[in-house]
Amino acid sequence: MTPPVHASLLRLAEESGLRVAQDGAAVRFSSVESTLALAPVEGGWALTRTLRDGDPEVEVVSDTVDAPERLVVTTVGAVWRSAQGLPPIVTVRRGEPLAGAEVVKDPVTWWNVRWDGHVARELDSVQAATLVRTLAHDVDTLVASYRDPDGLPAFPATESR
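Under our numbering, the first residue of the sequence shown is numbered 2, with each subsequent residue one higher.
Now the structure itself:
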């Protein structure tokens, strides 16, 4: 089963100069430096990043595609803003966190985010902080916010960049 990636995210990726391809059950977003793959795994979805000539590294595994797709939006949105000459949106400091989201560190190094009965795991601390803010908005709103010069409506300018 191919991930149900939002059309607005696919357009943003293509406008960013990223190559978007369906590879079996995965959707891949590729640049010269790296490839992000959003694919089904046992019990949910995974986002994997492969750096040029490197091994794939799992960035998040979730029981819903919502978490990995939102992290793809933050990556693709940053590429798009850079291509447009717009300032970056620092998601860990901007925007409202999702009420009820719980961030828990596992015994080793990974962070888990739980919300509305879902769980995303294998995140680093920045990804976890980003996720609890982006889950408060749907993907189309996030994409529109990256397109907005001020990051509105998802990332209000009440905090410094």
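Glycine included, C-beta positions come from ideal geometry on N, C-alpha and C.
As the structure is a prediction and not an experimental result, all values here were calculated from the model.
According to the DSSP secondary-structure assignment, serine 35 is paired through a beta bridge with Leu52. With respect to the C-alpha of proline 4, the residue from Arg12, Ser17, Arg29 and Glu16 having the closest C-alpha is Arg29. In this model, leucine 48 and alanine 121 are separated by some 11 Å (Cα to Cα). Contact check for threonine 36 against threonine 75 fails: the beta carbons are separated by 8 Å or more. DSSP, read as helix, strand or coil, puts valine 77 in helix. Note that the C-beta distance between valine 133 and alanine 102 is below 8 Å. Contact annotation: proline 69 and alanine 79 have beta-carbon atoms that are not nearer than 8 Å. Alanine 145: not part of any beta strand (DSSP E); member of the alpha helix (DSSP H) spanning 140 to 148, first to last residue.
Bounds of the alpha helix (DSSP H) holding leucine 10 are 8 to 16. For the 8 Å CB-CB criterion, leucine 10 and valine 91 do not form a contact. For alanine 22, the uninterrupted beta strand (DSSP E) run begins and ends at 20 to 24, by DSSP.
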